[in-house]
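Numbering of the sequence shown is given in the working numbering, commencing with residue 116 and proceeding in unit increments.
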Amino acid sequence: MDRVEQTWHEERRYDLYDGASLIRTEIRAGQGRWYFRNELLWMLQLAGFAPSDVTTTGDLTIRAVNR
Numbered sequence: 116m117d118r119v120e121q122t123w124h125e126e127r128r129y130d131l132y133d134g135a136s137l138i139r140t141e142i143r144a145g146q147g148r149w150y151f152r153n154e155l156l157w158m159l160q161l162a163g164f165a166p167s168d169v170t171t172t173g174d175l176t177i178r179a180v181n182r
């Protein structure tokens, strides 16, 4: 994780077993970027969205976040 660049990289390993015998291993890589609420609102504004066009929600609900 790079907190300055706000990026993360991960590697996931999947092992398939038949009883105690390892049959196959797969390794998958992933990466991503995160944005804070105000950064996202600023980017939307730069893209031409008006504040009245945007509703922010949180905690995996549709309730508006008022901050």
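We put the CB at the ideal spot given by N, CA and C, even for glycine.
Between residue 138 and residue 127, the alpha-carbon positions lie close to 17 Å from each other. Rounded to the nearest whole angstrom, the CA to CA distance from residue 161 to residue 149 is 18 Å. Beta bridge pairing from DSSP links residue 146 with 124. According to the DSSP secondary-structure assignment, residue 172 is paired through a beta bridge with 179.
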